[in-house]
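*Asks:* These protein sequence lines map, in sequence, to chains A and B. The opening position of the first sequence corresponds to residue 1 in our numbering, with each subsequent residue numbered one higher. The opening position of the second sequence corresponds to residue 1001 in our numbering, with each subsequent residue numbered one higher. Just so you know, even glycine gets a beta-carbon here, dropped at the ideal spot from N, CA and C. A quick note: this is a predicted structure, and the numbers were derived from the prediction, not measured.
Protein chains: 2
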Amino acid sequence: MSQTYVVIMAGGVGTRFWPFSRTNNPKQFHDVLGTGRTLLQQTADRFEGICDKSAIYIVTSEEYKDLVKEQLPFLDDDQILLEPVRRNTAPCIAYATYKIAARDPNANIVVAPADHIILKEEEFRSTIRTALQATDSHDILVTLGIQPSRPDTGYGYIQYLTESEGSVKKVKTFTEKPHLELAQQFLDSGEFVWNAGIFVWNVKSINKAFDTYLPETAEIFAEGTPYYYTEQEQPFINKAYSQCKSISIDNGIMEKANNVHVVLSDFGWSDLGTWKSLYEVSEKDANSNSTDGKLILYNTTNSIIKTPKDKLVVINGLDGFIVAEFDNVLLICRKEEEQKVKEFVADAKEHGTQFV
Amino acid sequence: MSQTYVVIMAGGVGTRFWPFSRTNNPKQFHDVLGTGRTLLQQTADRFEGICDKSAIYIVTSEEYKDLVKEQLPFLDDDQILLEPVRRNTAPCIAYATYKIAARDPNANIVVAPADHIILKEEEFRSTIRTALQATDSHDILVTLGIQPSRPDTGYGYIQYLTESEGSVKKVKTFTEKPHLELAQQFLDSGEFVWNAGIFVWNVKSINKAFDTYLPETAEIFAEGTPYYYTEQEQPFINKAYSQCKSISIDNGIMEKANNVHVVLSDFGWSDLGTWKSLYEVSEKDANSNSTDGKLILYNTTNSIIKTPKDKLVVINGLDGFIVAEFDNVLLICRKEEEQKVKEFVADAKEHGTQFV
């Protein structure tokens, strides 16, 4: 079997998880669950036994380079890929795969975001191994599909051919963020899973797909082959990104390619996109509160409270709220209105860039 | 006319105003209204034109001596009276009046708590002058009475003889913290005012009252006459307080003496006993919020929010809450349940004395 590489996408900003997720310190660099490891560290840890540490590549921004090195000190500089600007996931993945291909043209690659929560790590690894076996011997693009538990309108949905055997299923359709009624229909049909945004493929398959569906992007990063792993890589990349169009891997390839498969998965996944998604995966106290901090709660229910450990927080009479403090920003918000957090961040910016 | 002295009682702890009021830094030492002056400073400022700065005496605890000196640098050490233990207002007032009497046996004295808010300072001074004129020529004990605006059950009520002329009225009865129905009856009758706890008297009158109604206390502090303004004062006082019983001036004298008068007053007074009382006297925004801090409010009404100026606080969807942060303690509490703050403080103590 080909060697396995892991590409961790760690360049996001994650404004919906504000005030924890901040421009200069986004959520992937936080110990969100209070386990002692940041989301980025947990993501890297998760691949132990799947690939060697020297085969983990992190794609991030120049501004987060020091955070990445600090949190994952085993990385060589060659394993940290710095995007000069954000261009969504397709260029990010193209950069990593063409760089890996330059050294190992048979690489099997797992692409994973740095800011997801996965509660059942052993089941995750087992799922990844299933996918790697499939992509090692077949020219297919694999995405992991999560059994949906509710008609969530914030996720992408994948319809698959239920008749095919095994847990690797051929994909029929992709649907991004359906409205509630449609999401409910998807759920009821039993033919849909959530798109986890975790991909597995052989470098030959994905680069062929780039050639076919995003030929301009493919050409840009293929040209870098002589420069990867040299001092000329960063200057080349800085120039390459200025020519790249911004597009997601889903829009650019997954929704178009006809060799996409999904591995049905159930490993306690959350994309941790929002406060509510953290609330969903967190342990709750007897009053259904998810708590992290030095807290005294009276008559407080269904809330998520995450405050600095050295501060005493006394709350009386909140039901269904987010109370979150980080780095000189305190947010108190009805949980049901968390979609407004993006708007809050925009308004907060007017008070100073240190708050966003 | 006799010279006027002002005694400011600044030894209280004020737990109901937690987390602002803290054992090591009670509310009288805070700039509660955000005016740039603390309550103690405002109290002293208020007597400009009434008495000389050298005739202002502060009674406080040893632990607050430095705070007092820092906030009122014009004070000589002789003007700062240090109680070794808290024994309620009667010993506090006895100490100050016997000390003043030792130097000026004809002194007119105003006694005022350090933690009240008075919005109309000119009317306050005018009221004080009226009281001083009355006590200068008559052997009476004067307290200031506030026209009640609501049936507040947290205040003391004074019934006065409505038939007497002028604004200095003879007092009939005192009633501490009546239940709501009684408070409403008091309000309806038009014969009652709130007891502001601000007293005016000649030193001869108050000391005669001590002799009559609290003879033990009188004896203890009269014995100190040779020691006041000497190095032996503090050792004497430390011993005296150990012999003193704890009693309020209201219980000990005002409710018993038959020469008590009240000056009807209306100067925008609040005893600032609780968060709600601060809310009552504060300016409110269009949504009836009293705010102090760097705030962005959405759909937030009838709340009092007081947070550190360097912290950005974003609130969505609170109605009728207290949100208060000071020195590493954050309180979020329904305004209607503010009477529970004392209970919170007791529970907070278990997390460390730095929080109370």
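Would you call the stretch 1137-1148 of chain B and the stretch 1202-1214 of chain B touching, i.e. three or more CB-CB distances under 8 Å?
*Replies:* Touching, yes, given that three or more Cβ pairs across the two stretches are closer than 8 Å.
*Asks:* Along chain A, in chain order, which residues have C-beta atoms closer than 9 Å to that of Glu1255/B?
*Replies:* Neighbours of Glu1255/B on chain A: none; closest Cβ ~36 Å, over 9 Å.
*Asks:* Going by beta-carbon coordinates alone, are Gly156/A and Trp194/A separated by less than 8 Å?
*Replies:* It is a contact, given that the beta carbons lie within the stated cut-off.
*Asks:* State yes or no: is the beta carbon of Arg1334/B nearer than 8 Å to at least one beta carbon in chain A?
*Replies:* Chain A contact via Cβ: present.
*Asks:* Please name the residue in Leu278/A, Asn316/A and Lys335/A whose C-alpha comes closest to that of Gly34/A.
*Replies:* Of the listed residues, the one whose Cα sits closest to Gly34/A is Leu278/A.
*Asks:* Mark Pro1091/B as exposed unless 16 or more other C-beta atoms lie within 10 angstroms of its C-beta, in which case mark it buried.
*Replies:* Its Cβ being crowded by 16 or more others within 10 Å, Pro1091/B is buried.
*Asks:* Could you tell me which of Glu70/A, Gln42/A and Glu338/A sits nearest to Lys120/A, measuring between CA atoms?
*Replies:* Of the candidates Glu70/A, Gln42/A and Glu338/A, the one whose C-alpha sits nearest the C-alpha of Lys120/A is Gln42/A.
*Asks:* Using only alpha-carbon positions, find the residue among Ile100/A, Ala218/A and Arg150/A that is nearest to Ala55/A.
*Replies:* Measuring from the Cα of Ala55/A, the nearest candidate turns out to be Ile100/A.
*Asks:* Assuming Asn1195/B is part of the beta strand (DSSP E), what are its boundary residues?
*Replies:* Asn1195/B -> beta strand (DSSP E) spans Phe1192 to Asn1202.
*Asks:* Judging by CA-CA distance, which residue of Lys276/A, Glu350/A and Gly11/A is the nearest neighbour of Cys333/A?
*Replies:* The residue with the shortest Cα to Cα distance from Cys333/A is Lys276/A.
*Asks:* So, helix, strand or coil for Asn1088/B, using DSSP?
*Replies:* Looking at Asn1088/B - three-state DSSP - the assignment turns out to be coil, as it is neither helix nor strand.
*Asks:* For Ala1348/B, go through chain A and note every residue whose CB falls closer than 8 Å to its CB, in chain order.
*Replies:* Within chain A, the residues near Ala1348/B are Ile296, Leu312 and Val314.
*Asks:* What whole-angstrom Cβ distance do Val110/A and Val6/A have, given they're in contact under 8 Å?
*Replies:* At roughly 5 Å, the Cβ-Cβ gap stays under 8 Å, so Val110/A and Val6/A are in contact.
*Asks:* With distances taken Cα to Cα, identify the nearest neighbour of Gly293/A among Val313/A, Tyr64/A and Thr274/A.
*Replies:* Nearest option by C-alpha distance: Val313/A.
*Asks:* For Thr1307/B, go through chain A and note every residue whose CB falls closer than 9 Å to its CB, in chain order.
*Replies:* In chain order: Leu330.
*Asks:* In terms of residues, what are the limits of the beta strand (DSSP E) holding Ile305/A?
*Replies:* From DSSP, the beta strand (DSSP E) with Ile305/A extends over Ile304 to Lys306.
*Asks:* Under a Cβ-count criterion, where at least 16 other Cβ atoms within 10 Å of its own Cβ denotes burial, should Asn1258/B be classed as buried or exposed?
*Replies:* That one is exposed.
*Asks:* Between Gly145/A and Val263/A, how many whole angstroms is the CB-CB distance? I'm expecting something under 8 Å.
*Replies:* Yes, they are in contact, since the Cβ atoms of Gly145/A and Val263/A sit about 7 Å apart, within 8 Å.
*Asks:* What residues in its chain sit with their C-beta under 8 Å from that of Val260/A, if we drop five residues either side in the sequence?
*Replies:* Only Ile140, Leu141, Val142, Thr143, Lys170, Val171 and Met254 meet the Cβ criterion.
*Asks:* Using 8 Å as the limit for Cβ to Cβ distance, is Lys1340/B near chain A?
*Replies:* It does; some Cβ of chain A falls within 8 Å.
*Asks:* Could you tell me which chain B residues have their CB closer than 7 Å to the CB of Leu318/A, listed as they occur along the chain?
*Replies:* Simply Ile1332.
*Asks:* Can you pull the chain B residues whose beta carbon is under 9 Å from the beta carbon of Glu337/A, in chain order?
*Replies:* Per Cβ cutoff of 9 Å: Tyr1298, Asn1299, Asn1316 and Gly1317.
*Asks:* Is Asn108/A near Leu132/A, with beta carbons less than 8 Å apart?
*Replies:* For Asn108/A and Leu132/A, yes; Cβs fall inside 8 Å.
*Asks:* At which residues does the beta strand (DSSP E) containing Phe355/A begin and terminate?
*Replies:* Looking at the DSSP string, Phe355/A is not in any beta strand (DSSP E), and its letter there is neither H nor E.
*Asks:* Tell me, please, whether the CB atom of Val203/A is closer than 8 Å to any CB atom in chain B?
*Replies:* By this cut-off, Val203/A is not an interface position.
*Asks:* When you compare the CB positions of Val68/A and Ile50/A, do they come within less than 8 Å of one another, or not?
*Replies:* Cβ atoms of Val68/A and Ile50/A: not closer than 8 Å.
*Asks:* Taking Cβ-Cβ distances below 7 Å as the criterion, which residues of the stretch 1126-1148 of chain B are in contact with chain A?
*Replies:* Here the close residues number zero.
*Asks:* Counting Cβ pairs closer than 8 Å, one from the stretch 280-299 of chain A and one from the stretch 1342-1352 of chain B, do we hit at least three?
*Replies:* Short answer: they touch.
*Asks:* Where does the unbroken alpha helix (DSSP H) through Asp45/A begin, and where does it stop?
*Replies:* Looking at the DSSP string, the run of the alpha helix (DSSP H) that includes Asp45/A is Leu39 to Asp45.
*Asks:* Just grab the DSSP bridge partners of Arg22/A for me.
*Replies:* Looking at the DSSP assignment, Arg22/A forms a beta bridge with Asn25/A.
*Asks:* Under a three-way DSSP split, which group does Glu1280/B fall into?
*Replies:* Glu1280/B: helix per DSSP, three-state reduction.
*Asks:* Is the shortest distance between the beta-carbon of Val427/A and the beta-carbons of chain B less than 8 Å?
*Replies:* Chain A is shown only over 1 to 356; residue 427/A falls outside these bounds and no answer can be derived.
*Asks:* Tell me which residues of the stretch 1009-1028 of chain B have at least one Cβ-Cβ distance to chain A shorter than 7 Å, keeping chain order.
*Replies:* For the stretch 1009-1028 of chain B, which is checked against every Cβ of chain A, not one residue is closer than 7 Å.
*Asks:* Count the other C-beta atoms from every protein chain shown that fall within 10 angstroms of the C-beta of Thr230/A, then say buried if there are 16 or more, exposed otherwise.
*Replies:* It is exposed - the Cβ of Thr230/A has fewer than 16 other Cβ atoms within 10 Å.
*Asks:* How many angstroms separate the CA atom of Thr162/A from the CA atom of Ser265/A?
*Replies:* The alpha-carbon atoms of Thr162/A and Ser265/A are separated by roughly 14 Å.
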